[in-house]
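So, in structure tokens, the structure goes:
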């Protein structure tokens, strides 16, 4: 049973630091072997989870949701009202989307999501976060100098645009709904979903390109 | 806890490593992610005790180890803490008391397990909310040394409540193994309030804060 004793935990970490092999691949191999031998999980099940998050659960889900919101005003209203429940219409609910919030970019607002304290992310909707999202650089700078961070991603903001940074400090998770780009009139959901990028749904991209497909 | 993990607003970091654009740089990282989906945590572990465990890594390790290396090492810490593994087992990867093999789950099984993992952290409030949307609120100036989700950069700061989410399980208590519900608010702070007069007055930073964090 977990002890919830911080000082004990820190002491165990120090002990592990001086005994574990430095190569993390060896550490993970030992962890996998240990939990498989205990009968906590089968190796084939680990393979299935890898497949689930590489082939089925990823940013294409979020892109589909955004495209639907662009096409269907009633869905857009449901998404902005309660995103956690709206994504159940697609069966996309799951890990870290139980309290999903959708925030919409406008002509005068740009939204951007970070988790400064760890790396919280709406996994079941966007898949695994990109490495840069988990970097100390992004976590430190996104809240303090979001415009400089956005410039590094190539995002130019007009003078009349306010930046809203959402720091995911509780169990709420955020999805940025980018603006539908010009030149996409008459496009169907598949075509629209294909131009919605993961970074646009994190908020490190703003203007989607209609010619990107 | 005023730990190294509390990175928001820390200065001196260079450009965002935008080129690191994929979820996993190495195969072992993907393996670690998959393992962490699979319910291998010791009995009684809460999400915030897991997070606090990562925060309790040595500060140099926290800043330099790969993200999923921190997860893996934290699993070992949690196992030793809970008495389910000893150092020998961790170093060899061999269990002294093996169990019967786990059932094999198919792709459909794990996709269904993922759908069911949309955990609801809301709970019944023990008291009426102290604040309402539109209220001006000020955060605590100091925090305890345990796990908390009030970052250092947002302490003793005044902002505006823009949403009230009812009661959610308080992270600080979750890291102590206790389930305590408290009202949760989304609070918006102007950039100058957090970073001083040089900050852009058009911009805001928004945090989700429990009532406990507000004075």
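Protein chains in written order, with our numbering: chain X, 378 to 590; chain Y, 7 to 221. Just so you know, even glycine gets a beta-carbon here, dropped at the ideal spot from N, CA and C.
Delimiting residues of the alpha helix (DSSP H) encompassing residue i
i                      : result
residue 66 of chain Y  : 65 to 70
residue 405 of chain X : 401 to 414
residue 328 of chain X : No answer is possible for residue 328 of chain X: it lies beyond the span of chain X, which begins at 378 and ends at 590.
residue 195 of chain Y : Element bounds for residue 195 of chain Y: not the alpha helix (DSSP H) but the beta strand (DSSP E), 187 to 196.
residue 73 of chain Y  : 73 to 88
residue 424 of chain X : 420 to 428
residue 515 of chain X : 513 to 518
residue 57 of chain Y  : 53 to 61
residue 108 of chain Y : No alpha helix (DSSP H) contains residue 108 of chain Y, which DSSP labels as neither H nor E.
residue 41 of chain Y  : 33 to 42
residue 527 of chain X : 523 to 529
Coarse secondary structure for residue i, derived from DSSP in three states
i                      : result
residue 151 of chain Y : coil
residue 439 of chain X : helix
residue 453 of chain X : helix
residue 98 of chain Y  : helix
residue 481 of chain X : strand
residue 216 of chain Y : strand
residue 25 of chain Y  : coil
residue 498 of chain X : coil
residue 208 of chain Y : coil
Proximal chain X residues relative to residue i, where beta-carbon distance stays under 8 Å
i                     : result
residue 44 of chain Y : 412, 417, 418, 422, 423, 426
residue 26 of chain Y : 507, 508, 509, 512
Euclidean distance between Cα positions of residue i and residue j
i                      : j                      : result
residue 205 of chain Y : residue 30 of chain Y  : 35 Å
residue 473 of chain X : residue 501 of chain X : 7 Å
residue 582 of chain X : residue 448 of chain X : 21 Å
residue 424 of chain X : residue 41 of chain Y  : 9 Å
residue 198 of chain Y : residue 207 of chain Y : 6 Å
residue 570 of chain X : residue 130 of chain Y : 38 Å
residue 478 of chain X : residue 548 of chain X : 11 Å
residue 457 of chain X : residue 480 of chain X : 7 Å
residue 33 of chain Y  : residue 166 of chain Y : 44 Å
residue 573 of chain X : residue 118 of chain Y : 26 Å
residue 575 of chain X : residue 513 of chain X : 20 Å
residue 210 of chain Y : residue 384 of chain X : 36 Å
residue 556 of chain X : residue 49 of chain Y  : 45 Å
residue 497 of chain X : residue 72 of chain Y  : 16 Å
Partners in chain X for residue i, counting only beta-carbon separations shorter than 7 Å
i                      : result
residue 142 of chain Y : Here the premise fails: no neighbours, minimum Cβ distance about 18 Å.
residue 101 of chain Y : 411, 414, 415
residue 202 of chain Y : Neighbours of residue 202 of chain Y on chain X: none; closest Cβ ~10 Å, over 7 Å.
residue 125 of chain Y : 475
residue 14 of chain Y  : 493, 516, 517, 520, 544
Neighbouring residues, chain Y, relative to residue i (Cβ below 7 Å)
i                      : result
residue 381 of chain X : 55, 181, 182, 183
residue 535 of chain X : What residue 535 of chain X touches in chain Y: nothing, since even the nearest Cβ is about 11 Å away.
residue 405 of chain X : 34, 37, 38, 78
residue 434 of chain X : 120
First and last residue of the uninterrupted beta strand (DSSP E) at residue i
i                      : result
residue 488 of chain X : 486 to 491
residue 166 of chain Y : 164 to 175
residue 544 of chain X : 539 to 544
residue 462 of chain X : Segment 460 to 463 is the alpha helix (DSSP H) holding residue 462 of chain X; no beta strand (DSSP E) there.
Chain Y residues whose Cβ lies nearer than 8 Å to that of residue i
i                      : result
residue 378 of chain X : 48, 49, 50, 88, 89
Amino acids of chain Y, ordered along the chain, whose beta-carbon sits closer than 9 Å to that of residue i
i                      : result
residue 343 of chain X : Residue 343 of chain X lies beyond the residue range present for chain X, which begins at 378 and ends at 590; the question has no answer from this structure.
(request) Count the C-beta pairs between the region 138 to 158 of chain Y and the region 169 to 180 of chain Y that are closer than 8 Å, then say yes if the count reaches three, no if not. (result) yes
(request) Answer yes if the region 132 to 140 of chain Y comes into contact with the region 452 to 463 of chain X, meaning at least three C-beta pairs across the two stretches below 8 Å, and no otherwise. (result) no
(request) Evaluate the contact criterion for the region 524 to 537 of chain X versus the region 180 to 200 of chain Y: three or more CB pairs, one atom per stretch, below 8 Å. (result) no
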